[in-house]
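Notes to accompany the following structure.
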Amino acid sequence: MLPSPGLIFQSVLDGVFLGFLYSLIALGLSLVFGVMGIINFAHGDFIMLGSYLVWILANGLRSDPSFMSLATVPLFFVIGAAIYMTIIRPVLGKEPLIQIAVTVGIGYVLQNFALMMFRAEPRAVQTTYLNLYLNLGVVSIHLAKLISAFLSLLIVLGVHYLLTKTWVGLAIRATAYDREVASLMGINVGKIFLLVFSLGIGLTGLAASLWMTFGQADPYIGSSFGLLTWVIIALGGLGGVSGLIASSLIVGIIQSLTMTLVSPTVSLAIPYVVFIMVLWFRPQGLFGKV
Amino acid sequence: MSNAVVLEVSGLSKRFGGIVALNNVSLKITKREIVGIIGPNGAGKTTLVNCVTGIYRPDSGKVFFLGEDITGKPPHLIALKGVARTWQKIRPFYNMSVIEAVTAGALLRTKDVLKAREEATEVLEFVGFPKSKFEMLGRNITLIEHKLVDLARAIATKPKLLFIDEVVAGLRPHEVDVIADVVRRVNREMGITLGVIEHVMRFVMSISDRIVVLHEGRLLTQGTPAEVARDPLVVEAYLGTKPV
Chain A
450 MLPSPGLIFQ
460 SVLDGVFLGF
470 LYSLIALGLS
480 LVFGVMGIIN
490 FAHGDFIMLG
500 SYLVWILANG
510 LRSDPSFMSL
520 ATVPLFFVIG
530 AAIYMTIIRP
540 VLGKEPLIQI
550 AVTVGIGYVL
560 QNFALMMFRA
570 EPRAVQTTYL
580 NLYLNLGVVS
590 IHLAKLISAF
600 LSLLIVLGVH
610 YLLTKTWVGL
620 AIRATAYDRE
630 VASLMGINVG
640 KIFLLVFSLG
650 IGLTGLAASL
660 WMTFGQADPY
670 IGSSFGLLTW
680 VIIALGGLGG
690 VSGLIASSLI
700 VGIIQSLTMT
710 LVSPTVSLAI
720 PYVVFIMVLW
730 FRPQGLFGKV
Chain B
2 MSNAVVLEVS
12 GLSKRFGGIV
22 ALNNVSLKIT
32 KREIVGIIGP
42 NGAGKTTLVN
52 CVTGIYRPDS
62 GKVFFLGEDI
72 TGKPPHLIAL
82 KGVARTWQKI
92 RPFYNMSVIE
102 AVTAGALLRT
112 KDVLKAREEA
122 TEVLEFVGFP
132 KSKFEMLGRN
142 ITLIEHKLVD
152 LARAIATKPK
162 LLFIDEVVAG
172 LRPHEVDVIA
182 DVVRRVNREM
192 GITLGVIEHV
202 MRFVMSISDR
212 IVVLHEGRLL
222 TQGTPAEVAR
232 DPLVVEAYLG
242 TKPV
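So the protein sequences, as listed, match chains A and B.
Numbering of the first sequence is given in my numbering, commencing with residue 450 and proceeding in unit increments.
Numbering of the second sequence is given in my numbering, commencing with residue 2 and proceeding in unit increments.
Structure representation (structure tokens):
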């Protein structure tokens, strides 16, 4: 039984929407890694935490999850700053194993906290203004997914503009390439790190509220977000926003097609299989330079 | 005041485990001087610069810049006060264009990116970097171009004192002459005081007003290039004692 072209097209379209949201998530992760050299294994878990917060706020206020970003982004920015000062800064320049242990630890603390508070069942927001479908004949567009994709792209491009056209951006990039040289060019590397980590976590607050316009919160979504975004970053090759968006879309589409054509149960596994196959042929990533 | 002291280092010491990299070094650099800092490998030349620029915190001793105690201050504050350096090993921003890298330097004195970019253009033209390559990425340019960008990046921060760390290492003889010319012009036309760490004697002897010789972490001697070249202590440090 072959699936209809319409079904496949619908699936690709949903994958594209999902991919743009992934690019927003991957952006924060790749900023923190690219500038500070810290692999934040808790990145996805901040989205999980944010999703619960959005769930509580949106249900409490009987409003749309996307509006909750007005609260989650500043709050998570501050949480990011606090975590940088208390947990990340002390392990900067330490061995990678110590840094990994620290961020994996943060992730588990967040996961267990969520399990304790909310238990394991998935939670969805009741009120959403965006749960509408635009029927275009062959495909229908879920308004929530369209808007989340659009806002994600907007923010990714905004951050790209910040990095390439502003003095803060140049300072961030100089720090990423060589923090010692940057410091002797008058750049306060400590402040740049604080800003980048806070921004990275702040962006998870936005991703969480966009995710909750159509997705659900459960204690384990952090792991799937986290690992999928690592695949995206590795595929894209660090550095360029265009590579990041392209590989996000590829992962989103693969995942969506797997759900439609194979089974939702393997929708996390197939992107990894593709990832490993890509590594055989292009170890530097699809869009990375050697 | 042409004799104003720009940098004064007194009793500076730095240890790494059991190795004494700098041992009670004192020296002065006065305004608009070009001071060559020489010595065999491991003499402590780069350690001295790292202690002055805040990369290392000295174990003892003081560093005064324009009369102000800057000992142990963080590098970005020292840069802000007007000390810059270039690096022995080239350390380009690989995925930044040449103009962006130098603009990042100019942003120390202004937060206006367009203005910083104009200044970066001027500095790159001053050091003679080819205009056609302004937009090239750091990974794609030649060695001497890297050295020019490194110089431009430091000059763009508008320093009063600039350390140049083994800038001609690995260059061909005619390229050394190009760099020597740029370094002299940085000193004369821009009025920047220079500390030149160098192994290539022909280069450092020809551009320096004064030479400071370090050996095994100590200040061995100092004087004009001619004096230093004749000094038996210096000959001994470089070549060892005469066989008996």
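Beta carbons: idealized from backbone N, C-alpha and C, even for Gly.
| field | Beta bridge counterpart(s) of Ala85(B) as assigned by DSSP | value | Position 84 of the second sequence, counted from the first residue, corresponds to residue 85(B). According to DSSP, which records beta bridges pairwise, Ala85(B) is partnered with Leu163(B).
| Coarse secondary structure for Met2(B), derived from DSSP in three states | In the second sequence, the residue the question calls residue 2(B) occupies position 1. Residue confidence for Met2(B) is low, a pLDDT of 46 falling below 50, so the modelled location carries little weight and cannot support an answer.
| field | Burial state of Val503(A), where buried means 16 or more other Cβ atoms lie within 10 Å | value | Taking the first residue of the first sequence as position 1, residue 503(A) is located at position 54. Flag for Val503(A) reads buried.
| Can you find a C-beta in chain A that's less than 9 Å from the C-beta of Phe135(B)? | Start at 1 with the first residue of the second sequence, and residue 135(B) comes out as number 134. Judged by the 9 Å Cβ criterion, Phe135(B) is not in contact with chain A.
| query | Excluding sequence positions up to five away, which residues of its chain have a Cβ less than 6 Å from the Cβ of Leu579(A)? | reply | Along the first sequence, one-based indexing puts residue 579(A) at 130. Cβ within range, chain order: Leu592, Ala593, Ile596, Thr662.
| query | Comparing the C-beta of Gly139(B) with each C-beta of chain A, is any distance below 9 Å? | reply | Taking the first residue of the second sequence as 1, we reach residue 139(B) at position 138. Yes, contact with chain A.
| field | Within chain A, partners of His77(B) - CB distance below 9 Å | value | Within the second sequence, the letter at position 76 stands for residue 77(B). Result: Ala631, Ser632, Leu633, Met634, Gly635, Ile636, Asn637, Val638, Gly639, Lys640.
| request: For Gln575(A), count neighbouring C-beta atoms within 10 Å of its own C-beta (all shown protein chains included) and say buried if the count is 16 or more, exposed if not. | output: The residue labelled residue 575(A) in the question sits at position 126 within the first sequence. So Gln575(A) ends up on the exposed side.
| For Ile20(B), which beta-bridge partners are listed by DSSP? | Position 19 of the second sequence, counted from the first residue, corresponds to residue 20(B). Bridge partners of Ile20(B): Phe17(B).
| task | Indicate the three-state DSSP secondary structure (helix, strand or coil) for Ile555(A) in the structure shown. | result | The residue you call residue 555(A) lines up with position 106 of the first sequence. In the structure shown, Ile555(A) sits in a helix (DSSP, three-state: H, G or I).
| message | I'd like to know whether the C-beta atoms of Leu498(A) and Ala657(A) end up nearer to each other than 9 Å. | response | Looking up residue 498(A) in the first sequence gives position 49. Looking up residue 657(A) in the first sequence gives position 208. Cβ atoms of Leu498(A) and Ala657(A): closer than 9 Å.
| request: On the DSSP bridge assignment, give the partners of Asp70(B) in chain order. | output: The sequence position of residue 70(B) within the second sequence is 69, counting from 1. DSSP, once it has assigned bridges, lists Phe65(B) as partnering Asp70(B).
| query | First and last residue of the beta strand (DSSP E) that includes Asn637(A)? | reply | Start at 1 with the first residue of the first sequence, and residue 637(A) comes out as number 188. Here Asn637(A) belongs to no beta strand (DSSP E), and DSSP marks it neither H nor E.
| request: With 9 Å as the threshold, decide whether the Cβ of Tyr626(A) is near any Cβ in chain B. | output: Counting from one through the first sequence, the residue named residue 626(A) turns up at place 177. At least one chain B Cβ lies under 9 Å of Tyr626(A).
| said: If we define contact as Cβ-Cβ less than 9 Å, is Arg154(B) a contact residue for chain A? | reply: Your numbering for residue 154(B) matches position 153 in the second sequence. Closer than 9 Å: yes.
| query | From Met2(B) to Glu199(B), what does the alpha carbon distance come to, in whole angstroms? | reply | The count along the second sequence starts at 1 and reaches residue 2(B) at position 1. The count along the second sequence starts at 1 and reaches residue 199(B) at position 198. Because Met2(B) sits at a pLDDT of 46, beneath the cut-off of 50, its placement in the model cannot be relied upon, and the following sentence gives the value as read from the coordinates. Looking at the two C-alpha atoms, the distance is approximately 28 Å.
| message | Buried or exposed for Trp729(A), going by 16 or more other Cβ atoms inside 10 Å? | response | Counted from its first residue, the first sequence places residue 729(A) at position 280. Exposed, because fewer than 16 other Cβ atoms sit within 10 Å of the Cβ of Trp729(A).
| query | In chain A, which residues lie less than 9 Å from Phe94(B) when you measure between Cβ atoms? | reply | By one-based count along the second sequence, residue 94(B) stands at place 93. Near Phe94(B) (Cβ distances below 9 Å), the residues of chain A are Arg622, Ala623, Ala625, Tyr626, Asp627, Val630, Ala631.
| If Val36(B) sits next to Val53(B), beta carbons under 8 Å apart, how far is it from one beta carbon to the other, in whole angstroms? | Position 35 of the second sequence holds residue 36(B). Position 52 of the second sequence holds residue 53(B). Rounded, the Cβ-Cβ distance is 12 Å, inconsistent with contact.
| Comparing the C-beta of Asp166(B) with each C-beta of chain A, is any distance below 9 Å? | In the second sequence, residue 166(B) corresponds to position 165, counting from 1. By this cut-off, Asp166(B) is not an interface position.
| So what does DSSP say about Glu176(B), is it helix, strand or coil? | As a working note, residue 176(B) is residue 175 in the second sequence. It is helical.
| field | Per-residue contacts from Trp616(A) into chain B (C-beta, under 9 Å) | value | The residue labelled residue 616(A) in the question sits at position 167 within the first sequence. Under the 9 Å cutoff, chain B gives Thr104, Ala105, Leu108, Thr111, Lys112, Asp113, Val114, Ala117.
| said: Taking the straight line between their C-alpha atoms, what separation do you get for Ala631(A) and Leu585(A)? | reply: Locating residue 631(A) in the first sequence gives position 182, counting from the first residue. Locating residue 585(A) in the first sequence gives position 136, counting from the first residue. Approximately 52 Å between the Cα atoms of the pair.
| Is it true that the segment 97 to 114 of chain B meets the segment 178 to 190 of chain B, where meeting means three or more beta-carbon pairs spaced less than 8 Å apart? | no
| Which word fits Thr47(B), buried or exposed, when buried means at least 16 other C-beta atoms lie within 10 angstroms of its C-beta? | Along the second sequence, read from residue 1 onward, the residue named residue 47(B) stands at position 46. The residue is buried, with at least 16 neighbouring Cβ atoms inside 10 Å.
| task | Flag Leu619(A) as yes if its beta-carbon sits less than 9 Å from any beta-carbon of chain B, otherwise no. | result | Taking the first sequence and counting its residues from 1, one reaches residue 619(A) at position 170. Output row for Leu619(A): interface = yes.
| said: Let's see if you can read the secondary structure: which residues bound the beta strand (DSSP E) around Gly106(B)? | reply: In the second sequence, the residue the question calls residue 106(B) occupies position 105. Careful: Gly106(B) lies outside any beta strand (DSSP E), inside the alpha helix (DSSP H) at 99 to 107.
| request: Determine which residues share a DSSP beta bridge with Tyr501(A) and list them. | output: Looking up residue 501(A) in the first sequence gives position 52. DSSP output for Tyr501(A) lists no bridge partner at all.
| field | Closer than 9 Å to chain A by CB, Gly55(B) | value | Taking the first residue of the second sequence as position 1, residue 55(B) is located at position 54. For Gly55(B), the answer is yes, since a Cβ of chain A falls inside 9 Å of its Cβ.
| Do the CB positions of Ile156(B) and Thr122(B) come within less than 9 Å of each other? | Against the second sequence, residue 156(B) aligns to sequence position 155. Against the second sequence, residue 122(B) aligns to sequence position 121. No; because the gap between Cβ atoms is not below 9 Å, this pair is not in contact.
| request: Kindly indicate if chain A contains any beta-carbon less than 9 Å away from that of Val84(B). | output: For the purposes of this step, residue 84(B) is taken as residue 83 along the second sequence, with counting starting at 1. It does: the Cβ of Val84(B) has a partner Cβ on chain A nearer than 9 Å.
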